[in-house]
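K.L.:
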Amino acid sequence: MNYEEVLTQLKAWKDETFRRFNERIANVEEGTSLGVRIPVLRSYARALVKREDFSWEALDSFPNTYLEIRMLKCLCTGYAKLSFEQLKERIRKCIPVIDGWAVCDVFCSTLKEIRKHREEYLGELKNFIGEGKEFSQRFAYVLMLGCYMEREYLPFIFEMLDAAQAQHYYTMMGAAWLLAEVLVRFYAEGVTYLQEGKLADAAKNKAIVKACESFRVDAAQKKFLKSLKK
């Protein structure tokens with residue numbers, strides 16, 4: 122397995138119309154993606170990690186020039202059969218590769234294995250948020266959204282929201298998305314956090330807007346939430 126082979130295969134799947142569209146919504150520099158659709162990338166990652174010549178060392182050495190290469194590194198991590206300790210190490214290596222919401226959110230969606238080790242992974246999440254970096258924080262918030270949305274984890278979620286460096290746009294949006302889902306699923310607890318939590322007002326306001334878009338929040342609840350905007 123080498124970079125030239127992988128890049129040649131990815132180019133064979135490129136879709137120019139999708140490339141132009143995706144670069145706009147993923148907010149990546151024009152010409153730094155190939156236009157490979159996510160389902161195709163997912164299938165390729167699953168196949169790559171099963172190859173006899175698959176090598177993490179080789180994959181890690183690939184330049185991160187293209188969006189699809191960055192996504193492939195994360196997807197392979199999510200789909201490989203790894204021990205929990207190996208998975209933690211691989212995730213740490215992938216975090217610096219994340220440079221946009223698309224890579225972050227696609228990566229998080231593959232990490233279903235974390236649900237089996239939620240207690241053990243809390244420290245890792247806390248460390249990523251403690252770094253104060255935009256995409257390590259977004260990674261933690263989006264992963265909590267997918268793997269920790271249970272009442273027992275609300276105190277931890279609120280503690281992590283308090284630590285958000287919301288001056289970073291994608292941190293703020295990740296935190297707002299997480300809080301919005303709390304409001305939808307655990308309305309009373311979410312409202313208390315809106316009133317007392319330390320998350321920046323801008324992020325709280327975004328969370329309110331997003332929660333009010335949900336059909337699971339009734340009209341009276343939406344009216345009250347809107348009254349809390351600052």
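Under my numbering, the sequence shown has 212 at position 91, and the numbering climbs by one with no breaks. Where a beta carbon is used, it is the ideal one built from N, C-alpha and C, also for glycine. Small disclaimer: the values here were computed from a predicted structure and weren't measured.
Hey, would you say Ala287 sits closer than 8 Å to Ala301, going by beta carbons?
P.N.:
Here residue 287 corresponds to residue number 166 of the sequence shown, with the count starting at 1. Here residue 301 corresponds to residue number 180 of the sequence shown, with the count starting at 1. Their beta carbons are not under 8 Å apart, which means Ala287 does not touch Ala301 by this criterion.
K.L.:
Helix, strand or coil: which one does DSSP assign to Glu245?
P.N.:
For the purposes of this step, residue 245 is taken as the residue at position 124 of the sequence shown. Helix.
K.L.:
Note down the Cα distance separating Phe228 from Leu196, rounded to an integer number of angstroms.
P.N.:
Locating residue 228 in the sequence shown gives position 107, where the first residue counts as 1. Locating residue 196 in the sequence shown gives position 75, where the first residue counts as 1. Approximately 6 Å, taken between the alpha carbons.
K.L.:
Tell me the DSSP secondary structure of Ala301 in three-state form.
P.N.:
The residue you call residue 301 lines up with position 180 of the sequence shown. Looking at Ala301 - three-state DSSP - the assignment turns out to be helix.
K.L.:
Please say whether Ser164 and Met122 have beta carbons closer to each other than 8 Å?
P.N.:
Mapped onto the sequence shown, residue 122 falls at position 1. Mapped onto the sequence shown, residue 164 falls at position 43. No. Outside cutoff.
K.L.:
Please state whether the Cβ-Cβ distance between Val170 and Cys225 is less than 8 Å.
P.N.:
Taking the first residue of the sequence shown as position 1, residue 170 is located at position 49. Taking the first residue of the sequence shown as position 1, residue 225 is located at position 104. No, they are not a contact pair.
K.L.:
Using 8 Å as the threshold, is the C-beta distance between Leu315 and Leu282 below it?
P.N.:
By one-based count along the sequence shown, residue 315 stands at place 194. By one-based count along the sequence shown, residue 282 stands at place 161. Contact flag unset, no.
K.L.:
Pop quiz: Leu304 and Val338 are said to be a contact at Cβ under 8 Å. What is the actual Cβ separation, rounded to whole angstroms?
P.N.:
The sequence position of residue 304 within the sequence shown is 183, counting from 1. The sequence position of residue 338 within the sequence shown is 217, counting from 1. That pair is a contact at about 7 Å.
K.L.:
Report the CB separation of Gly156 from Lys135 in whole angstroms; it is logged as a contact under 8 Å.
P.N.:
In the sequence shown, the residue the question calls residue 156 occupies position 35. In the sequence shown, the residue the question calls residue 135 occupies position 14. Confirmed, about 4 Å.
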